[in-house]
Structures are given as C-alpha cells and as structure tokens.
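Take a look at the structure below.
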Amino acid sequence: MQYYFEKTTNYDFDQSVEKISEELKKEGFGILAEIDMQKTLKEKINVDFKKYKILEACNPPFAYKSLLAEDNIGIMLPCNIVVKEKGENIVTVSVVNPVSAMQGVNNPEMNEIASEIQAKLKTALSNV
C-alpha cells in the first residue's frame, strides 16, 4: 500500500500551495504550519534545494475522534501535505495516505476514521 497520493498540478508552486490549502479548508482542514524546506535547508546547512513545502493540516473533529479512540495517536498527527517542484514548470502535491499510516495501529476504530479522512484528502487533492 502506497503511503501517499500525488497529483501533478496545472499551477505554479505558490498557486499550488494556495490551491491545496483552499481545497483542504473546504474539507474541514486548517493549516497549522507551513514548513519551507528550501529556506530551512539553506539557513541551517547552506545547501540549495528545490521548492518544497510541508503543510501540516488538521481537521479538528477528526483529530478529536482519533484522540478519543487511540490515546497515543497524537504521534501521527497532523496530516502532512507536500508541495514540491519536480522540474521546470512541474509541481506536484502529495497527501499522506492515512489508511496506510494506520497499518501499525491495532484499533479497528482508527481504521474507520482513517478511511473517512482519506476520502476528504483525496477529494481535496483531486480538486487541485
């Protein structure tokens, strides 16, 4: 089982970040943090890296349901989304596959929640 779903966009990098953020919001997710890996790697270890952002997204009702079902699930939260430049004018958006991420959690309730979250993430991705 693949641990992510990916789509090549028709947008530039910044537009892709904006578009996936908008689509996630429509599905009940908020962006908690935006990590600019290109900037961070330049500042910390002085290397040049492609445009690459990690968006940490949270859907509060699902986060709450998950925490009630599995006390330590916070280790796996929030959902990560990656926007990266793969080449000139080629930008992809990748979302975590929560069903795959829950493979090691022996809790049927979490599998059900992960399936619901997966559907919302895939909807957001398909609309980018």
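Going by the working numbering, the sequence shown opens with residue 4, and the numbers climb by one from there. Beta carbons: idealized from backbone N, C-alpha and C, even for Gly. Owing to the predicted nature of the structure, the values given are computational and were not obtained by experimental measurement.
- Message: Can you list, in chain order, the residues of its chain with a C-beta nearer than 8 Å to that of Phe52? Leave out the 5 residues immediately preceding and following it.
- Response: Met40, Gln41, Leu44, Lys45
Integer-rounded CB distance, given that Lys28 should sit under 8 Å from Val131: About 13 Å; that fails the 8 Å criterion.
Three Cβ pairs or more, each shorter than 8 Å: is that satisfied between the segment 61-81 and the segment 4-20? no
| query | Counting along the chain, where does the alpha helix (DSSP H) carrying Val102 start and finish? | reply | 101-104
Open item on the list: Between the alpha carbons of Met105 and Ala117, how many angstroms are there, rounded?
Closed with: 7 Å
Quiz prompt | Where Thr126 falls: helix, strand or coil (DSSP) | solution = helix
**Prompt:** Count the other CB atoms within 10 Å of the CB of Gln5; is the residue buried (16 or more) or exposed (fewer)?
**Reply:** exposed
Using the C-alpha atoms, what's the distance from Cys82 back to Asn114? 15 Å
query = Since Ser103 and Leu58 are thought to touch, with beta carbons under 8 Å apart, how far apart are those beta carbons, to the nearest angstrom?
reply = With 8 Å as the limit, Ser103 and Leu58 do not qualify as a contact, their Cβ atoms being about 19 Å apart.
- When the distance is taken between beta carbons, is Glu26 closer than 7 Å to Ala122? no
Exercise. What does Thr95 pair with, by DSSP beta-bridge criteria?
Worked result: Thr11, Lys87
Provide the residue span of the beta strand (DSSP E) that contains Asp74, from first to last.
No beta strand (DSSP E) holds Asp74; DSSP gives it neither H nor E.
- request: Return the first residue and the last residue of the beta strand (DSSP E) that Glu59 is part of.
  value: 55-61
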